[in-house]
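J.: Just passing along the structure, written as structure tokens.
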Amino acid sequence: MSVLETVLIFVGVPAAVVAVVAGLVYGGSRRGRRYRPGRPFEFTPVWFLSSQAQPSGVGYPAGDDRRAVTGAAERAALPAGEEGPEPAAAAPHGATGGASDRW
Amino acid sequence: MTAGELERPATGQVSHGSVTGHPEVLDGPFTTRQLLRLDEALRLADRSTGLTFSVYVGELDEPVRAHAEKLHGQLADPDRSVLLAVSPNQRLLEIVTGAETRKRLPDRDAKLAALSMAAAFGGGDLAGGIVTGIAQLADHAGRR
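So the sequence lines, in the order shown, correspond to chains A and B.
If you're matching positions, the first sequence starts at 1 in the numbering used here and goes up one per residue.
If you're matching positions, the second sequence starts at 1001 in the numbering used here and goes up one per residue.
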């Protein structure tokens, strides 16, 4: 066995195996971001409603807020200085229930 | 986009897109598969209970409870809505039920759902915890 063959077998083959394993480890997961409690987790805040109101699964355009935030929009539309009726959100505010927890 | 700019919830994940064709929601904490599961859970819960379930995942300002209630108040019909607000970095979770919802979903049941959600979150499973929570809340709220 020549020197070249020896080097290829005893250095080249292990190096190739290491390269394959390293490639699988670092290239395998498309998203490296995974939530682990206690570690900082960077993401864009999201807010979901169900899409049941959308017929045949077609999404509304992003600007269409027929299901969302009508109360706030109506309040904003009131002329300045005019108090109008008490904001709709104020009434249920004291009556909200629910629960809190931490982990 | 920051929490402050998040003025309204996305109605369905696909609609929350930008002109570039890359939906902003994909920069959120969930994979596409998890988003589909979440969407399914929300749709089932809404349909079976007649209430509106909504999920917010992001930072909550102090005082946390007030911020969650403010978000809840921004929904179309707060009285008949349930908001699950989850802040993974602050490691806290708020469930807000409206006046009408509260009759069907007592705080005790909400707390029970919160406990199981927190257990899943503690294991690092955000999507699973939320799906479990929604299913449990819908179950307790009963049929419409």
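Heads up, the beta-carbon is just placed ideally off N, CA and C, and yes, glycines get one too.
Just so you know, these numbers come straight off a predicted model, no measurement behind them.
Any C-beta of chain B sitting closer than 8 Å to the C-beta of Gly27/A?
T.: As a first step, residue 27/A is located in the first sequence; it is residue number 27 there, counting from the start. Output row for Gly27/A: interface = no.
J.: Does the CB of Pro14/A have a neighbour CB from chain B at under 8 Å?
T.: Numbered from its first residue, the first sequence carries residue 14/A at position 14. Not an interface residue.
J.: Does Glu42/A come out as helix, strand or coil in the three-state DSSP assignment?
T.: Against the first sequence, residue 42/A aligns to sequence position 42. Coil.
J.: Taking the alpha helix (DSSP H) that Leu1115/B falls in, what are its first and last residues?
T.: Here residue 1115/B corresponds to residue number 115 of the second sequence, with the count starting at 1. Residues Asp1107 to Gly1122.
J.: Quick one: is Val1131/B buried, meaning 16 or more other Cβ sit within 10 Å of its Cβ, or exposed?
T.: The residue labelled residue 1131/B in the question sits at position 131 within the second sequence. Looking at its Cβ environment, which holds 16 or more other Cβ atoms inside 10 Å, Val1131/B is buried.
J.: Distance check for Ser1048/B and Pro1029/B, CA to CA, integer angstroms please.
T.: Within the second sequence, numbered from 1, the residue matching residue 1029/B stands at position 29. Within the second sequence, numbered from 1, the residue matching residue 1048/B stands at position 48. Cα-Cα distance, rounded: 27 Å.
J.: For the alpha helix (DSSP H) that contains Thr1032/B, what are its first and last residues?
T.: Working through the second sequence from its first residue, we reach residue 1032/B at position 32. Counting along the chain, the alpha helix (DSSP H) containing Thr1032/B begins and ends at Thr1032 to Thr1049.
J.: How big is the Cα-Cα spacing for Leu1060/B and His1067/B?
T.: The residue labelled residue 1060/B in the question sits at position 60 within the second sequence. The residue labelled residue 1067/B in the question sits at position 67 within the second sequence. Computed Cα separation, rounded: 6 Å.
J.: Does Ala1135/B come within less than 8 Å of chain A when only Cβ atoms are used?
T.: The residue given as residue 1135/B occupies position 135 in the second sequence. Answer no: the Cβ-Cβ gap between Ala1135/B and chain A never drops below 8 Å.
J.: I'd like to know if the segment 1034-1048 of chain B and the segment 1099-1115 of chain B are in contact, where contact means that at least 3 CB-CB pairs between them fall below 8 Å.
T.: With a cut-off of 8 Å, the segment 1099-1115 of chain B and the segment 1034-1048 of chain B do not count as touching, because too few Cβ pairs lie within range.
J.: If you reduce the DSSP assignment to three classes, tell me which class Glu5/A lands in.
T.: The residue labelled residue 5/A in the question sits at position 5 within the first sequence. Helix.
J.: So for Tyr26/A, helix, strand or coil by DSSP?
T.: Working through the first sequence from its first residue, we reach residue 26/A at position 26. Helix, per DSSP.
J.: Any chance you could list the beta strand (DSSP E) runs of at least 3 consecutive residues sitting entirely within the segment 1061-1115 of chain B, in chain order?
T.: Complete beta strand (DSSP E) runs here, min 3: 1081-1087 and 1092-1097.
J.: Which residue wins for smallest C-alpha separation from Leu49/A, given the options Val1025/B, Gly1124/B, Arg1033/B and Asp1125/B?
T.: Your numbering for residue 49/A matches position 49 in the first sequence. When only C-alpha atoms are compared, the closest one is Val1025/B.
J.: Using the three-state DSSP reduction, which class does Thr1052/B fall into: helix, strand or coil?
T.: Start at 1 with the first residue of the second sequence, and residue 1052/B comes out as number 52. Reduced to three states, the DSSP call for Thr1052/B is strand.
J.: In whole angstroms, give me the CA-to-CA distance for Asp957/B and Met1117/B.
T.: Limits of chain B in this structure are 1001 at one end and 1144 at the other, which puts residue 957/B out of reach.
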